[in-house]
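Residue numbers (our numbering): 31 to 131. The structure under discussion appears below in the form of structure tokens.
Quick look at the structure:
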């Protein structure tokens, strides 16, 4: 009997090379980028109708950018806690904070 007529053998012969190819991607040895040298350029553009005041004119918006060691405290905090007490909420995780208006 022809051994290639056995579906199990045929499936192993065809599927095994694909599985090995896919798994080889998991063991990639690409070096991680140097985190110290990464630069982040941000551009924020808003409509003139955003954040209207009582006269329906756009009021200033504050944007805060945080550099954190760990984002756990940030993701669990609510908006007002971060707005009013960000330094105490983020404690040791806060590396740097920039504020732009």
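For glycine and all other residues, C-beta sits at the position ideal for the given N, C-alpha and C.
Span of the alpha helix (DSSP H) holding residue 111? Residue numbering aside, residue 111 sits at position 81 when the chain shown is read from its first letter. Counting along the chain, the alpha helix (DSSP H) containing residue 111 begins and ends at 109-120.
Between which two residues does the beta strand (DSSP E) harbouring residue 97 extend? Here residue 97 refers to the residue found at position 67 when the chain shown is read from its first residue. Start and end: 93-98.
For the region 75-89 and the region 114-121, state whether three or more C-beta atom pairs, one from each stretch, are separated by less than 8 Å. no
Look at the alpha carbon of residue 70 and the alpha carbon of residue 93, and state the distance between them as a whole number of angstroms. The count along the chain shown starts at 1 and reaches residue 70 at position 40. The count along the chain shown starts at 1 and reaches residue 93 at position 63. Each residue's Cα considered, the two are about 15 Å apart.
Start and end of the beta strand (DSSP E) containing residue 126? Position 96 of the chain shown, counted from the first residue, corresponds to residue 126. 124-130 is the extent of the beta strand (DSSP E) around residue 126.
Taking 7 Å as the threshold (C-beta atoms), are residue 95 and residue 128 in contact? Numbered from its first residue, the chain shown carries residue 128 at position 98. Numbered from its first residue, the chain shown carries residue 95 at position 65. Going by C-beta atoms, residue 128 is nearer than 7 Å to residue 95.
Beta carbon of residue 99 nearer than 7 Å to that of residue 125: Numbered from its first residue, the chain shown carries residue 99 at position 69. Numbered from its first residue, the chain shown carries residue 125 at position 95. In this structure, residue 125 lies closer than 7 Å to residue 99 by Cβ.
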